[in-house]
Structures are given as structure tokens and as C-alpha cells.
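**Student:** Sharing a structure here in C-alpha cells format.
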Amino acid sequence: DTEVTQTPKHLVMGMTNKKSLKCEQHMGHRAMYWYKQKAKKPPELMFVYSYEKLSINESVPSRFSPECPNSSLLNLHLHALQPEDSALYLCASSQGLLRSGVRGAYEQYFGPGTRLTVT
Amino acid sequence: GENVEQHPSTLSVQEGDSAVIKCTYSDSASNYFPWYKQELGKRPQLIIDIRSNVGEKKDQRIAVTLNKTAKHFSLHITETQPEDSAVYFCAAHRPIQGAQKLVFGQGTRLTINP
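First to last, the sequence lines map onto chains A and B.
Count along the first sequence from 1, add 6, and you get the number used in the numbering used here.
Count along the second sequence from 1, add 1093, and you get the number used in the numbering used here.
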């Protein structure tokens, strides 16, 4: 399996709702990422998990809460979002820094994304 | 902080001609430079990459060059085809806090005219 999968594909939620985005990979990758992408902009890093531990939080508001239950799964819990949080949320994975000497170790592969609309 | 600048923001070429997209980065610790292609409504797709110990890499019609001294890297697409039309993002990577961080350029919208 060489893919990163994400569910749901589309999500519409109100500002008082709680929802979760899910990401899964079965490539044995040990680093997983959440990105936010607004229209006509590049992906913007939110969180990085390395070996199931949160390594980077790019000063993301607490209404976004990441979780890495195991090495294959990554969740993003959403609560009390604002309309400006509407975007494409992309998950990505890579082999992990401890394998930096391995060919292809730095390659990040993206999932198809979840298109989130906050009303 | 780290910054990646990408030019041009839009590029239109005739089918069969070549396209070149250029990026500069600011962080000298960056050691890996991938290029992603993103078609409308789809995920960014890794198309080619280069490590800092290599000056040039080629894969069929696409090639990437890196000038570490000048902190420049470029994507070259030859014999362009309509299916090359997409947004292309360059990125610079550095290890940080035990993990990896990609900083993306702003993107180039490439249009191939038949």
C-alpha cells in the first residue's frame, strides 16, 4: 500500500460543532503531518508527529487538536472553528528523521485532503 | 526565519516548448528540495526532488538543478504536454526538533497551450 488516505472527503460544520478528520497510512512511515491549504496558496504546516510524539506545533490555535493513536493513524479534532478555518486539510507522511540516511527518507506523500467548510 | 521564493507566479508556454520555474531559499541548513505538482482539486504530488549533495537530477522530461552557493534551485520541463498544466510548488526541507519541516514556495500556475 503506497497511499495516504483521508476521511471524510468533504465536511461542513457549524461553529459550535465538534468533528474529527482522520488520516491513515500503511507504508511504515514514522512521521506524519497536518497541513492547511487555502485556495491558490501553498500547503501550510500545522503539526508534525515523529514516532507518535508531537514534534512541531506551528502555533496553531487550540481549537485544532491533533492526535496520533498509533504509527499508522493521525487524527485532527476540531472544535469551535471559525469561518476562516475553511480550507483543504492535507495529511502527509514520510519515513521519519531517524532514517535520514535511507534513500527516499525525506519524501513526503500527501493524502487527498478533506475539504472543510465552516458555516 | 526560513523563506522560499518562487518565480514566476504564472507561466504560459506552447505545447512542445520548455518551461522553467525558479526558487530561492534563505536557510543554509536546508538539505532537500522537492517539487510538487498539484492539479485542480487534487493532492500535491511529488514529481522530483534533489538533495544538497547533488547538483542536478533528471527524470525523463523533468529535471531539477541546485546551486547551493547561490541558494537557488530550478525545475525544467522539456517537450511540454497539455497534461503538464497544473500548479507547481517548490519546497525546502530541514530537520528541526527531531522532525522534518518543509517550507513551500508560493506556487507557479503553469498553462500549456495546445
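The beta carbon of each residue, even a glycine, is placed where N, CA and C say it ideally should be.
Just so you know, these numbers come straight off a predicted model, no measurement behind them.
Would A:Leu51 and A:Tyr95 qualify as a contact pair, given that the criterion is a beta-carbon distance under 9 Å?
**Tutor:** no
**Student:** For A:Met38 versus A:Leu80, is the C-beta distance shorter than 9 Å?
**Tutor:** yes
**Student:** For chain B, find out if any of its Cβ atoms is closer than 9 Å to the Cβ of A:Gln31; answer yes or no.
**Tutor:** no
**Student:** Roughly how many angstroms separate the alpha carbons of A:Ser61 and A:Gly117, rounded to a whole number?
**Tutor:** 20 Å
**Student:** Would a C-beta distance cut-off of 9 Å place A:Pro49 and B:Pro1127 closer than the cut-off?
**Tutor:** Not in contact: A:Pro49 and B:Pro1127 (Cβ atoms no closer than 9 Å).
**Student:** Excluding the 5 residues flanking A:Phe70 on each side, which residues of the same chain have their C-beta closer than 7 Å to its C-beta?
**Tutor:** Met52, Leu82, Leu84
**Student:** Please check if any C-beta of chain B sits within less than 9 Å of the C-beta of A:Ala37.
**Tutor:** yes
**Student:** Spatial neighbours of B:Asp1110 within its chain, please: CB distance less than 7 Å, with the 5 preceding and 5 following residues excluded, ordered by chain position.
**Tutor:** Thr1173
**Student:** Quick one: what does DSSP say A:Glu58 is sitting in, helix, strand or coil?
**Tutor:** coil
**Student:** Helix, strand or coil: how does DSSP classify B:Asp1152 here?
**Tutor:** strand
**Student:** Roughly how many angstroms separate the alpha carbons of B:Lys1150 and A:Lys59, rounded to a whole number?
**Tutor:** 34 Å
**Student:** Out of B:Ser1145, B:Pro1207, B:Asn1124, state which residue places its alpha-carbon closest to the alpha-carbon of B:Pro1188.
**Tutor:** B:Asn1124
**Student:** Between the alpha carbons of A:Tyr112 and A:Gln101, how many angstroms are there, rounded?
**Tutor:** 7 Å
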